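The structure appears below as structure tokens.
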Amino acid sequence: MLVFAFDRDWTVDVNPHPRHEAVPLEWVRHLAHETPHVVYAIGNQTLAEEAAIPGIVEIVGRHPDEWDEWLGEKQPTGRYERFPLRRERLALIADLHPDADDYIVVDDLDLNDVDGWEHYHAWEFVPAVKQGQIHPDLPWARDLEADGGLPTSAGIMPADASSLSSFLDEHADAVGFEITYLDDGVERTRLCHTVSMDAVTLERPSAAPALQCTPLAPGDDQFTVPVDKIELLSVVFPPPSLYTAGAETPAEEAVGLRRLANTQPEEVRISSLLTLLDRDDGDIRQDENALRALRQVAKVRPADCTPAIPILQTLLDDGDHPARADVLATLRIIGDTDPGAIAPLADDLVPCLDSNIVSIRREATRCVATIAAEYPDDVVDAVPTLTTIIEDEADALPYAVYALSRITREYPDAVKPAADSLGDVILDDSLSDTVRLNATAGLGRVVGEYPSIAVDIVDDVTTLLSAEDRQLRNNAIALIGDVAIIHSDVVEPYTEEISELLTVDDTYTRVNASGALSRVAEDFPDSVVHVTPTFIDLLSDDDPRVRENACWALGYLAAQDATSTLKDRAHGDENADVRTRASWALDQING
Numbered sequence: 010m011l012v013f014a015f016d017r018d019w020t021v022d023v024n025p026h027p028r029h030e031a032v033p034l035e036w037v038r039h040l041a042h043e044t045p046h047v048v049y050a051i052g053n054q055t056l057a058e059e060a061a062i063p064g065i066v067e068i069v070g071r072h073p074d075e076w077d078e079w080l081g082e083k084q085p086t087g088r089y090e091r092f093p094l095r096r097e098r099l100a101l102i103a104d105l106h107p108d109a110d111d112y113i114v115v116d117d118l119d120l121n122d123v124d125g126w127e128h129y130h131a132w133e134f135v136p137a138v139k140q141g142q143i144h145p146d147l148p149w150a151r152d153l154e155a156d157g158g159l160p161t162s163a164g165i166m167p168a169d170a171s172s173l174s175s176f177l178d179e180h181a182d183a184v185g186f187e188i189t190y191l192d193d194g195v196e197r198t199r200l201c202h203t204v205s206m207d208a209v210t211l212e213r214p215s216a217a218p219a220l221q222c223t224p225l226a227p228g229d230d231q232f233t234v235p236v237d238k239i240e241l242l243s244v245v246f247p248p249p250s251l252y253t254a255g256a257e258t259p260a261e262e263a264v265g266l267r268r269l270a271n272t273q274p275e276e277v278r279i280s281s282l283l284t285l286l287d288r289d290d291g292d293i294r295q296d297e298n299a300l301r302a303l304r305q306v307a308k309v310r311p312a313d314c315t316p317a318i319p320i321l322q323t324l325l326d327d328g329d330h331p332a333r334a335d336v337l338a339t340l341r342i343i344g345d346t347d348p349g350a351i352a353p354l355a356d357d358l359v360p361c362l363d364s365n366i367v368s369i370r371r372e373a374t375r376c377v378a379t380i381a382a383e384y385p386d387d388v389v390d391a392v393p394t395l396t397t398i399i400e401d402e403a404d405a406l407p408y409a410v411y412a413l414s415r416i417t418r419e420y421p422d423a424v425k426p427a428a429d430s431l432g433d434v435i436l437d438d439s440l441s442d443t444v445r446l447n448a449t450a451g452l453g454r455v456v457g458e459y460p461s462i463a464v465d466i467v468d469d470v471t472t473l474l475s476a477e478d479r480q481l482r483n484n485a486i487a488l489i490g491d492v493a494i495i496h497s498d499v500v501e502p503y504t505e506e507i508s509e510l511l512t513v514d515d516t517y518t519r520v521n522a523s524g525a526l527s528r529v530a531e532d533f534p535d536s537v538v539h540v541t542p543t544f545i546d547l548l549s550d551d552d553p554r555v556r557e558n559a560c561w562a563l564g565y566l567a568a569q570d571a572t573s574t575l576k577d578r579a580h581g582d583e584n585a586d587v588r589t590r591a592s593w594a595l596d597q598i599n600g
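Residue numbers (my numbering): 10 to 600.
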């Protein structure tokens with residue numbers, strides 16, 4: 010059940026607003042007498058008689074204990090001593106119907122501040138009813154059409170700039186708009202791609218607020234309409250054909266397709282865009298609009314855009330083309346789904362890494378990183394330029410770091426010259442954990458092949474052993490463990506910090522920490538011997554790699570106390586490597 014409260018003057022059509030639509034009296038009567046909803050008259054009490062609905066006296070009368078407080082004595086004139094204020098009347102009505110589904114007041118006064126009540130001006134209420142927003146079962150609710158005949162989901166006859174601005178905020182993702190307005194006394198209706206409040210008129214108090222409109226027709230110029238001249242603004246869904254129907258030139262067609270791609274990218278024909286991009290007589294603006302349309306389409310239909318790759322490659326080779334950033338972004342979007350589709354373009358992409366234009370350098374780096382994830386051999390030659398991007402601290406740095414981390418999977422020797430740069434990234438706590446994580450992963454693979462190159466940064470890397478990001482911590486201890494393969498003396502001073510990680514609730518941390526300490530134990534058993542009880546406990550760890558590392562450490566430590574448990578591992582462990590290493594440890598202990 011809904012509760013309605015209606016004012017009369019400038020609200021109901023018995024006394025309508027001179028410029029705005031009013032609520033038909035028949036609607037009020039129908040709501041009151043032919044629906045389960047409840048209706049009251051809260052303004053001019055003549056409406057109570059005209060619609061045969063309860064008014065203020067009846068509202069108070071249903072609060073008999075509060076009669077004197079709200080009305081007092083009846084005077085000889087027939088009037089009461091006092092009347093509740095408008096907002097007090099609404100509170101009394103709400104008290105009568107505590108279980109109502111909603112409370113709706115229709116009044117030319119702004120009552121938005123009344124808690125629990127939803128306020129409408131009459132000219133807002135009528136379209137809301139017709140659009141089914143008040144209640145879809147009301148007989149006046151219908152599939153509303155804008156003045157131009159297109160189906161609409163919402164509309165407003167704005168009372169002022171504030172109400173119009175709120176409407177636009179609510180429908181910021183609308184596909185299109187239809188506006189009906191007065192132009193020198195003539196009513197006009199136009200279809201628009203976008204509409205927005207004119208910032209210039211809002212910034213100048215002396216200027217009348219206006220709406221800035223971009224027509225759907227690609228050949229038409231933008232125009233502004235004063236808010237007080239707008240008769241109706243509707244949200245519409247234009248058919249795709251209308252976006253290019255009025256285009257007289259390929260350049261105008263490109264504008265229309267770009268607008269269509271921004272709102273309905275699934276409706277754009279790729280062949281139409283390719284035809285525009287493949288024209289020798291096309292101008293730069295035509296290319297830019299077609300490319301921006303293609304970029305939007307690629308976001309939702311990347312596989313459909315692969316036929317565009319040859320043309321994109323040709324445009325990319327034009328070093329002076331102003332839309333190269335859009336070319337690269339489109340290639341990257343396609344590559345995110347199918348890296349193999351853009352991998353053959355690696356030689357064309359690498360030169361773009363040197364661009365002085367930020368957007369071009371960034372998108373080119375993202376393309377290279379996308380290729381590196383699956384085809385690192387195609388971009389291994391980009392390592393020097395990627396390193397320069399990191400050293401310059403360019404905004405493409407995160408993608409350059411990721412690309413290098415992927416290249417190290419197969420070519421750690423090629424990335425070795427970038428080791429110092431990756432080390433700087435690891436130690437830069439102003440960067441995100443994800444970027445530093447990729448740097449530790451990449452440098453870790455290089456250090457695995459060349460342990461000596463990380464000797465100078467071990468002191469700093471150990472600060473990451475307490476990092477909140479688990480993966481960052483794991484990569485740090487793995488890197489330190491790789492250094493310990495040859496330079497255990499560099500890692501030995503950090504035995505205590507590493508030993509604290511042996512019992513954390515993370516398998517990879519325990520694997521890496523136990524591996525690092527087992528290497529230190531080989532050369533510096535006295536520094537690790539106090540950790541023997543922990544290594545004995547790790548012989549029962551769930552992960553066989555941890556158990557195997559524990560066997561290594563206990564063998565180097567000649568831990569007599571571990572003999573019994575090592576025998577159990579040597580004869581009964583389910584993992585062959587653990588059994589072999591436990592037997593080796595027993596031989597070490599037994600001399």
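In this text, a Cβ means the ideal position worked out from N, Cα and C, and glycines have one as well. Source: prediction; values computed, not measured.
- Looking only at C-alpha atoms, which of 134, 112, 133 and 132 sits nearest to residue 126? Restricting attention to 134, 112, 133 and 132, the CA atom closest to the CA of residue 126 is found in 112.
- Message: On the DSSP bridge list, what partners appear for residue 3?
- Response: Because the chain in this structure spans residues 10 to 600, residue 3 falls outside the shown range and cannot be described.
- Query: Are the beta-carbon atoms of residue 264 and residue 319 separated by less than 8 Å?
  - Reply: Here residue 264 is not near residue 319, since their CB atoms are 8 Å or more apart.
- Give the C-beta separation of residue 309 and residue 276 to the nearest angstrom, bearing in mind that I take them to be a contact with Cβ-Cβ under 8 Å. Wrong, their Cβ atoms sit about 11 Å apart, outside the cutoff.
- Query: In this structure, does DSSP put residue 550 in helix, strand or coil?
  - Reply: Correct three-state label for residue 550: coil.
- Looking only at DSSP bridge pairs, what is residue 222 linked to? Under the DSSP definition of a beta bridge, residue 222 partners with 204 and 232.
- Message: So, at 6 Å on beta carbons, what are the nonlocal neighbours of residue 170 in its own chain, with the 5 sequence-adjacent residues on each side left out?
- Response: Cβ contact annotation for residue 170 (same chain, cutoff 6 Å, sequence separation greater than five): 218 and 236, in chain order.
- Message: Less than 8 Å between the beta carbons of residue 488 and residue 456, yes or no?
- Response: For the 8 Å CB-CB criterion, residue 488 and residue 456 form a contact.
- Item | Rounded C-alpha distance that separates residue 221 from residue 177 | So the alpha carbons of these two residues sit roughly 12 Å apart.
- Message: Taking the alpha helix (DSSP H) that residue 367 belongs to, which residues open and close that run?
- Response: Per DSSP, residue 367 is one residue of the alpha helix (DSSP H) stretching across 367–383.
- Query: Measuring CB to CB, does residue 470 end up less than 8 Å from residue 448?
  - Reply: No, these two residues do not count as a Cβ contact at 8 Å.
- Query: In this structure, does DSSP put residue 243 in helix, strand or coil?
  - Reply: Residue 243 falls in the strand class under three-state DSSP.
- Message: Under 8 Å, Cβ to Cβ, is there at least one residue of chain D near residue 320?
- Response: In the structure shown, chain D cannot be found, because there is only a single protein chain.
- Message: Assuming contact is defined by CB atoms lying nearer than 8 Å, are residue 565 and residue 531 in contact in what I supplied?
- Response: Their beta carbons are under 8 Å apart, which means residue 565 touches residue 531 by this criterion.
- Message: Which of the three DSSP states is assigned to residue 439 in this structure?
- Response: Correct three-state label for residue 439: coil.
- Determine the DSSP secondary structure at residue 402, reduced to helix, strand or coil. Residue 402 falls in the coil class under three-state DSSP.
- From what residue to what residue does the beta strand (DSSP E) around residue 533 run? Segment: none, residue 533 is in no beta strand (DSSP E) and carries neither H nor E.
- Item | DSSP-derived helix/strand/coil call for residue 416 | Look at residue 416 here: in three-state DSSP terms it is helix.
- Item | The beta strand (DSSP E) enclosing residue 185, as first and last residue numbers | For residue 185, the enclosing beta strand (DSSP E) has its first and last residue at 185–192.
- Message: Looking at the strands, I want to know which residues DSSP matches up with residue 196.
- Response: In DSSP, residue 196 forms a bridge with 191.
- Query: Quick one: what's residue 13 bridged to in DSSP?
  - Reply: Answer by DSSP bridge pairing, in chain order: 48 and 113.
- Count the C-beta pairs between the segment 484–498 and the segment 507–524 that are closer than 8 Å, then say yes if the count reaches three, no if not. Below 8 Å, enough C-beta pairs join the segment 484–498 and the segment 507–524 to call them touching: three or more.
- Message: Check this for me: beta carbons of residue 341 and residue 385, under 8 Å apart or not?
- Response: No; because the gap between Cβ atoms is not below 8 Å, this pair is not in contact.
- Task: Following the continuous alpha helix (DSSP H) through residue 65, name the residue where it begins and the one where it ends.
- Result: In the DSSP assignment, residue 65 falls within the alpha helix (DSSP H) that extends over 65–70.
- Measure the alpha-carbon distance for residue 42 versus residue 55 and round it to whole angstroms. Cα to Cα, residue 42 sits roughly 18 Å from residue 55.
- Item | Cβ pair residue 400, residue 430 closer than 8 Å | Contact: yes.
- Query: Span of the alpha helix (DSSP H) holding residue 100?
  - Reply: Residue 100: member of the alpha helix (DSSP H) spanning 95–105, first to last residue.
- Query: Is there contact here, the segment 388–396 with the segment 343–361, by at least three beta-carbon pairs under 8 Å?
  - Reply: Touching, yes.
- Rounded C-alpha distance that separates residue 22 from residue 31: Answer to the nearest angstrom: the Cα atoms are 5 Å apart.
- Straight-line Cα distance separating residue 526 from residue 552: In a straight line, the C-alpha of residue 552 is about 17 Å away from that of residue 526.
- Task: Output the boundary residues of the alpha helix (DSSP H) element that contains residue 577.
- Result: Element bounds for residue 577: 572–581.
- Message: Quick check: residue 314 and residue 293, are their CB atoms within less than 8 Å of each other?
- Response: No, they are not a contact pair.
- Determine, using beta carbons only, whether residue 93 and residue 79 come nearer to each other than 8 Å. In this structure, residue 93 lies near residue 79, with their beta-carbon atoms less than 8 Å apart.
- If you draw a straight line from the C-alpha of residue 542 to the C-alpha of residue 562, how long is it? One C-alpha to the other measures close to 11 Å.
- When the Cα of residue 253 is compared with those of 61, 225 and 234, which residue comes out closest? Distances from the alpha-carbon of residue 253 to those of 61, 225 and 234 put 225 closest.
- Query: Who does residue 601 pair with in a DSSP beta bridge?
  - Reply: The structure shown does not extend to residue 601, since the chain is modelled only from 10 through 600, so no value can be given for it.
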